[in-house]
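Visitor: One structure is given below, represented as structure tokens, and several questions about it will come after.
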Amino acid sequence: MVLLTEEKKQHIRELRRKAMKLPLHPGVYIMHDKDGTIIYIGKAKALKNRVSQYFGSEKNHDEKVRRMVSNVEYFEYILTDSEFEALILESSLIKQHQPKYNILLKDDKGYSYIKVTAGDWPRISETKQVLDDGAKYIGPYLSAWTIKDTVEEARKIFRLPSCSRKFPQDFGKGRPCLNYYIKQCSAPCRGNVSREEYQEAVQEALDFIRGGASDSVRALTAKMNEAAENMEFELAARIRDRIAAINKLKERQKVVASRVPEQDVFALVLGGEKVSVQVFRFSGGRLYDRESFILNGDSDPEQIRSEFLTQYYAIRDRIPPVVTLDGPVNDGEVIAEWLTRRAGRRVKLHVPQKGEQKQLVEMCRTNAAEALAQATGRTTGRETSALDELRKLLNLQKTPEYIESYDISNLAGGENVAGMVVFENGRPLKSAYRRFRIKTVQGQDDYGSMREVIARRFAEYRGAASAEGFGRLPDLILLDGGKGHVAAVRPLLREMGVDVPVYGMVKDDKHRTRAIAEDGGEIAINSNRAAFTLVSTIQDEVHRFAIGYHRQQRKKNTISTTLTGIPGIGETRARALMKHFRTVRAVSEATVEMLEETPGMNAPAARAVYAYFHPAGAEAGQGPES
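For reference, each letter of the sequence shown is one residue, going 996 to 1621 in the working numbering.
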């Protein structure tokens, strides 16, 4: 949270006054900090409208924008004849100055090579640099990801070392690594492989990389048959294993249908202060490259897509005829025109709504979620995807990392209680669960009970000394109920000055989650699989927690009305008896001696309990007759 001094607030107001004097004209604006360093560059269709927004209400900005605005000392602007010219100028200036708060991509468009080191024991690796070191370089190749993946697979199939040991200097030094024991390396370090055998394996690996799996299988099959005819069964078996490994790899690669056109597919997932962008690149019906980016967070996906696309294609020579996106993009027509001019042919921006293209986008999005989960270490890819889906579904400004959910439980208006569960990063945070006994509402009034619970919870927030537990503001509140519950709670939150989105969770006739309720109606979630699973889990969990507390209270009151009605037995002794005997029936079947041995009991109390359940045999002190 950015805390501004009164002096800084006054400075921002002054910047807004200057911004309001800007022309309603296309152009580029440049933000500077107190040292004169450029910290942000943007484009605008109307400079006055765009720039003044930065220095308006903080509520309209996410945390990243607030930080940027707090560091702005002054701004400059450059007028252009059109929005298109502004886009080109913005891209050029960002590339030149690399501002802190812009999306920045490294220029990694360099081609990849396969490097084969010199000597009797050559190594195979992927590299982007061609050095004068005596090694052999094969390439260049367009896709770094494909080459890296292929080299790794070739090492595994032909059991070549991937360690940093040098041969023959390191022969016999130390134990072989794990790859030897899982049969992914022949361990030349142990001296098990002759120089000729090793060089043959390297050559076969290179043939596999150059010619592909099919050519390699044909060549190896011929070699295996020849070895078998010459009764070199050990060699034939080794080649057989290599063929099997290649065929297994071929099966794994059958992912994409041949109908997929030449295109780049983009998908992004927001997660707090980070954004994951995944790019799948298709050509000839196959996925030939993919790239993953983790960027600083932003709450506006359309703006992220706009900035990312301009930076991404500014450093790349190849632009496909179709750019497929997972959602709309700011200034889409302008960006499409810019891409068209750079490519020298028409380039289309496409947001698929159904079919195979939609499935490709979802696959790309799943990978983006997984990359973000790995980068943050707080969630799995599934949870990240579910939270992002929920954000888009409810049109939230930020990903709901901290969700509170409430449910009321009672029986015909009696034993009125409530449960609150918390999900952090898509997982239950049981240490933050809370239970409430309804105090001010009598009878079966779920709306009134929910208002009481919400009022008590956020009264605690106002008085909290730390930003934990009740001192933390949730990103989203989910109520177990329909639009009536939402309508009952939202005005209360406004009165208390709490700005948290509130929605209901609606069940069908079979008590399964059906939709999310808002003031004006319902939002169907069945088609959003990840979000649906998450909301269903939250609804089931809060219901379980609330009804569990309700049953506990009923049980306690049952004990109270049964045992505390006995002379000399208060709540403390009643609880002690239940803890010792577990059930009221077991208490009723106990002898006086057994009752007296219970912690907290004495002889008179034991006789009183026995007499209560056995009026006829109280004096005998015996158990009930069989």
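Beta carbons are placed, not taken as given, at the ideal position from N, Cα and C, and that holds for glycine.
#1: What residue does the alpha helix (DSSP H) around Glu1378 start on, and which one ends it?
#2: Please classify Gln1248 as buried or exposed, where buried requires at least 16 other C-beta atoms within 10 Å of its C-beta.
#3: Helix, strand or coil for Leu1282 per DSSP?
#4: Return the CA-CA distance between Ser1159 and Gln1354, expressed in angstroms with no decimal places.
#5: Tell me, to the nearest whole angstrom, how far the beta carbon of Pro1594 is from that of Ala1571; I am working on the premise that it is less than 8 angstroms.
#6: What first and last residue would you give for the alpha helix (DSSP H) that runs through Ala1364?
#7: Determine, using beta carbons only, whether Phe1050 and Leu1010 come nearer to each other than 8 angstroms.
#8: Contact check, Gln1258 vs Pro1315 under 8 angstroms by CB: the rounded distance?
#9: I'd like to know if the stretch 1353-1372 and the stretch 1433-1442 are in contact, where contact means that at least 3 CB-CB pairs between them fall below 8 angstroms.
#10: To which residues does DSSP link Pro1486 through a beta bridge?
#11: My understanding is that Ile1533 touches Ser1400, with C-beta atoms under 8 angstroms, so please give their C-beta distance in whole angstroms.
#12: Taking all protein chains shown into account, do 16 or more other C-beta atoms lie within 10 angstroms of the C-beta of Pro1156, making it buried, or fewer, making it exposed?
#13: In angstroms with no decimal places, state the Cα-to-Cα distance between Val1260 and Leu1100.
#14: So the candidates are Phe1453, Leu1282, Val1342 and Met1415; which of them puts its Cα closest to the Cα of Val1255?
#15: Determine the direct distance from the alpha carbon of Ala1130 to that of Met1226, and round the result to whole angstroms.
#16: Count the other CB atoms within 10 Å of the CB of His1506; is the residue buried (16 or more) or exposed (fewer)?
#17: For a minimum of 4 consecutive residues, which ranges assigned as the alpha helix (DSSP H) are wholly contained in the stretch 1073-1116?
#18: Using 10 angstroms around the beta-carbon of Tyr1308, count the other beta-carbons present and answer buried if the total reaches 16, otherwise exposed.
#19: Exposed or buried, Val1604, counting other C-beta atoms within 10 Å across all chains shown (16 or more means buried)?
#20: Give the C-beta separation of Met1219 and Ile1234 to the nearest angstrom, bearing in mind that I take them to be a contact with Cβ-Cβ under 8 angstroms.
#21: So the alpha helix (DSSP H) Met1063 belongs to, where does it begin and stop?
#22: May I have the straight-line CA-CA distance separating Glu1191 from Pro1183, to the nearest angstrom?
#23: Any contact of the stretch 1068-1087 with the stretch 1272-1288, i.e. 3+ C-beta pairs under 8 angstroms?
#24: Can you give me the Cβ contacts of Ala1149 inside the same chain, cut-off strictly under 6 angstroms, excluding the 5 residues immediately before and after it?
#25: Between which two residues does the alpha helix (DSSP H) harbouring Arg1340 extend?
#26: Given a threshold of 16 other Cβ atoms within 10 Å of its Cβ, counted over all protein chains shown, does Thr1508 qualify as buried or as exposed?
#27: I need the DSSP call for Met1026, collapsed to helix, strand or coil.
#28: Are Asp1470 and Glu1396 close, meaning C-beta to C-beta below 8 angstroms?
#29: With a threshold of 8 angstroms, are at least 3 pairs of Cβ atoms found where one atom belongs to the stretch 1332-1341 and the other to the stretch 1295-1303?
#30: Once the 5 residues before and after Asp1321 are set aside, which same chain residues still bring their CB inside 6 angstroms of it?
#31: Output the boundary residues of the alpha helix (DSSP H) element that contains Ser1444.
#32: How big is the Cα-Cα spacing for Ala1427 and Gly1464?
#33: Going by the CB atoms, is the gap between Pro1021 and Glu1078 shorter than 8 angstroms?
#34: Going by other Cβ atoms of all chains shown within 10 Å of its Cβ, with 16 needed for buried, is Met1500 buried or exposed?
#35: Look at the alpha carbon of Ile1036 and the alpha carbon of Arg1311, and state the distance between them as a whole number of angstroms.
#36: Short of 8 angstroms in beta carbon distance, which residues of its chain neighbour Ile1564, apart from the five on each side in sequence? Order them along the chain.
Guide: Reading from the atomic positions:
#1: Here the question's residue 1378 lines up with position 383 in the sequence shown. For Glu1378, the enclosing alpha helix (DSSP H) starts and ends at Gly1376 to Leu1389.
#2: Indexing the sequence shown from 1 puts residue 1248 at position 253. Unreliable placement is indicated for Gln1248, whose pLDDT of 44 sits below 50; the coordinate value is still reported in the next sentence. Result: exposed.
#3: Position 287 of the sequence shown, counting from 1, holds the residue named residue 1282. If DSSP states are grouped into helix, strand and coil, Leu1282 belongs with the strands.
#4: Residue numbering aside, residue 1159 sits at position 164 when the sequence shown is read from its first letter. Residue numbering aside, residue 1354 sits at position 359 when the sequence shown is read from its first letter. Looking at the two C-alpha atoms, the distance is approximately 41 angstroms.
#5: On the sequence shown, residue 1594 is found 599 positions in, with the first residue counted as 1. On the sequence shown, residue 1571 is found 576 positions in, with the first residue counted as 1. Their Cβ separation, rounded to whole angstroms, is 6 angstroms, which keeps Pro1594 and Ala1571 in contact under 8 angstroms.
#6: Along the sequence shown, one-based indexing puts residue 1364 at 369. It spans Gly1350 to Thr1371 - the alpha helix (DSSP H) in which Ala1364 sits, taken as one unbroken run.
#7: Reading the sequence shown from its first residue, position 55 is the one you call residue 1050. Reading the sequence shown from its first residue, position 15 is the one you call residue 1010. It is a contact, given that the beta carbons lie within the stated cut-off.
#8: Locating residue 1258 in the sequence shown gives position 263, counting from the first residue. Locating residue 1315 in the sequence shown gives position 320, counting from the first residue. Yes, Gln1258 and Pro1315 are in contact; Cβ-Cβ is about 5 angstroms, under 8 angstroms.
#9: no
#10: Position 491 of the sequence shown, counting from 1, holds the residue named residue 1486. DSSP lists no partner for Pro1486.
#11: Along the sequence shown, one-based indexing puts residue 1533 at 538. Along the sequence shown, one-based indexing puts residue 1400 at 405. Correct: roughly 5 angstroms between the Cβ atoms.
#12: Residue numbering aside, residue 1156 sits at position 161 when the sequence shown is read from its first letter. Buried: at least 16 other Cβ atoms inside 10 Å.
#13: Residue mapping note: residue 1260 aligns to position 265 of the sequence shown, counting from 1. Residue mapping note: residue 1100 aligns to position 105 of the sequence shown, counting from 1. The straight-line gap from Cα to Cα measures roughly 17 angstroms.
#14: Taking the sequence shown and counting its residues from 1, the one referred to as residue 1255 is at position 260. It is Leu1282 whose Cα lies nearest to the Cα of Val1255.
#15: Numbered from 1 along the sequence shown, position 231 holds the residue referred to as residue 1226. Numbered from 1 along the sequence shown, position 135 holds the residue referred to as residue 1130. So the two alpha carbons sit approximately 37 angstroms from each other.
#16: The residue labelled residue 1506 in the question sits at position 511 within the sequence shown. Looking at its Cβ environment, which holds fewer than 16 other Cβ atoms inside 10 Å, His1506 is exposed.
#17: 1078-1092
#18: By one-based count along the sequence shown, residue 1308 stands at place 313. Buried, because 16 or more other Cβ atoms sit within 10 Å of the Cβ of Tyr1308.
#19: On the sequence shown, position 609 is the one that residue 1604 refers to. Buried, since its Cβ has 16 or more Cβ neighbours within 10 Å.
#20: Walking along the sequence shown from the start, residue 1219 turns up at place 224. Walking along the sequence shown from the start, residue 1234 turns up at place 239. Indeed they touch by this definition, with Cβ atoms about 4 angstroms apart.
#21: Sequence index remark: in the sequence shown, residue 1063 carries index 68 (1-based). Taken as a continuous stretch (DSSP letters only), the alpha helix (DSSP H) holding Met1063 covers Glu1058 to Ser1065.
#22: Here the question's residue 1191 lines up with position 196 in the sequence shown. Here the question's residue 1183 lines up with position 188 in the sequence shown. Computed Cα separation, rounded: 12 angstroms.
#23: no
#24: Translated into the one-based positions of the sequence shown, residue 1149 becomes position 154. Excluding residues within five positions, the ones whose Cβ falls inside 6 angstroms are Ala1200, Phe1203 and Ile1204.
#25: Taking the sequence shown and counting its residues from 1, one reaches residue 1340 at position 345. Neither: Arg1340 is in no alpha helix (DSSP H) and is coded neither H nor E.
#26: Taking the sequence shown and counting its residues from 1, the one referred to as residue 1508 is at position 513. Burial call: buried.
#27: As a first step, residue 1026 must be located in the sequence shown, where it is residue number 31. Met1026: strand per DSSP, three-state reduction.
#28: Locating residue 1470 in the sequence shown gives position 475, where the first residue counts as 1. Locating residue 1396 in the sequence shown gives position 401, where the first residue counts as 1. In this structure, Glu1396 lies closer than 8 angstroms to Asp1470 by Cβ.
#29: The stretch 1295-1303 and the stretch 1332-1341 do not touch, with fewer than three beta-carbon pairs separated by less than 8 angstroms.
#30: Along the sequence shown, read from residue 1 onward, the residue named residue 1321 stands at position 326. Within the same chain, Asp1321 has close Cβ partners Ala1262, Val1356 and Arg1360.
#31: Start at 1 with the first residue of the sequence shown, and residue 1444 comes out as number 449. Element bounds for Ser1444: Asp1441 to Gly1458.
#32: On the sequence shown, position 432 is the one that residue 1427 refers to. On the sequence shown, position 469 is the one that residue 1464 refers to. If I take the Cα positions, the gap works out to 6 angstroms.
#33: By 1-based counting over the sequence shown, the position of residue 1078 is 83. By 1-based counting over the sequence shown, the position of residue 1021 is 26. It is a contact, given that the beta carbons lie within the stated cut-off.
#34: To locate residue 1500, count along the sequence shown from 1; it is residue 505. Met1500 should be labelled buried.
#35: If you number the sequence shown from 1, residue 1036 lands on position 41. If you number the sequence shown from 1, residue 1311 lands on position 316. One C-alpha to the other measures close to 21 angstroms.
#36: As a position in the sequence shown, residue 1564 is number 569, starting the count at 1. Result list for Ile1564: Leu1558, Leu1572, Ala1600, Ala1603 and Val1604, in chain order.
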